[in-house]
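S.K.: Before I ask anything, let me first share the structure, which is written out below as structure tokens.
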Amino acid sequence: MHCPACRTSRLQPAKLEDGLLAHGCPQCSGTLVSLLHYRDWAERQPAEETPAALAAEAETEVGETSHALSCPKCAKLMSKFQISGTRANRLDLCGTCDEAWLDSGEWQLLKALELSQRMPAIFTDAWQRQVRQEASEQARRERFSRIAGEDAIARADEIRAWLKDHPQRRELLFYIGHD
Numbered sequence: 002m003h004c005p006a007c008r009t010s011r012l013q014p015a016k017l018e019d020g021l022l023a024h025g026c027p028q029c030s031g032t033l034v035s036l037l038h039y040r041d042w043a044e045r046q047p048a049e050e051t052p053a054a055l056a057a058e059a060e061t062e063v064g065e066t067s068h069a070l071s072c073p074k075c076a077k078l079m080s081k082f083q084i085s086g087t088r089a090n091r092l093d094l095c096g097t098c099d100e101a102w103l104d105s106g107e108w109q110l111l112k113a114l115e116l117s118q119r120m121p122a123i124f125t126d127a128w129q130r131q132v133r134q135e136a137s138e139q140a141r142r143e144r145f146s147r148i149a150g151e152d153a154i155a156r157a158d159e160i161r162a163w164l165k166d167h168p169q170r171r172e173l174l175f176y177i178g179h180d
């Protein structure tokens, strides 16, 4: 099988974690993971705990292929699934072969985001709806931040949090809305 990202190198046996075998590309460091093997591995793992070093690593960008990938097993196009609304990274999935392609560094990113044991959830409609909602909220926040400034947005977030469960929320919002 050839690498779906760089298309020239042959995939070689690789190990993502103890007990989780995959196929890796020696050139681009991407990895093809069988979701069948992944699910078996994930069921045997203890609950995830993210060390501080991994959490800090999540702040750095990792590799991402922008072009469509063909499954190295069946040659059909793989679908792209956004990991989160705040990250540009997407996992590629062949729905026919049930194989996922992880670009270089994406496994470490999944671990840092505490998603390494929940990878199949990323491929669901519910997850993708939440990702779009997160991205929309982030864009809205950035737009208001450019208009009002970060200090004003931080203060507005404090007020919003205070109002969220306040028993007279509606009355207070009515009062604020009327001069």
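If you read the sequence shown in my numbering, its first letter stands for residue 2, the second for the next number, and so on. The beta-carbon is built from N, C-alpha and C at its ideal position, and this holds for glycine as well.
1. With a cut-off of 8 Å on the beta carbons, I'd call leucine 116 and isoleucine 123 a contact; round off their distance for me.
2. So, with DSSP's three-state summary, where would you put alanine 157?
3. Take leucine 36 as the anchor and find which of Leu92, Cys26, Gln169 and Arg156 has the nearest alpha-carbon.
4. Ordered along the chain, which non-local residues of its own chain (more than five positions away) have a Cβ less than 7 Å from that of glutamate 135?
5. Tell me which residues share the same chain as isoleucine 154 and place their Cβ nearer than 8 Å to its Cβ, disregarding the 5 neighbours each side in the sequence.
6. Confirm, please, whether the CB-CB distance from proline 14 to methionine 79 is below 8 Å.
7. Mind checking which residues open and close the alpha helix (DSSP H) that includes aspartate 41?
8. Report the residue from Gly20, Phe82, Gln83 and Leu94 whose alpha carbon sits nearest the alpha carbon of cysteine 75.
9. When DSSP labels each residue in this structure, what does lysine 74 get in the three-state scheme?
M.R.: With the given structure in hand:
1. 7 Å
2. helix
3. Leu92
4. Ser85, Gly86 and Thr87
5. Arg142, Phe145 and Ser146
6. no
7. 36–44
8. Leu94
9. coil
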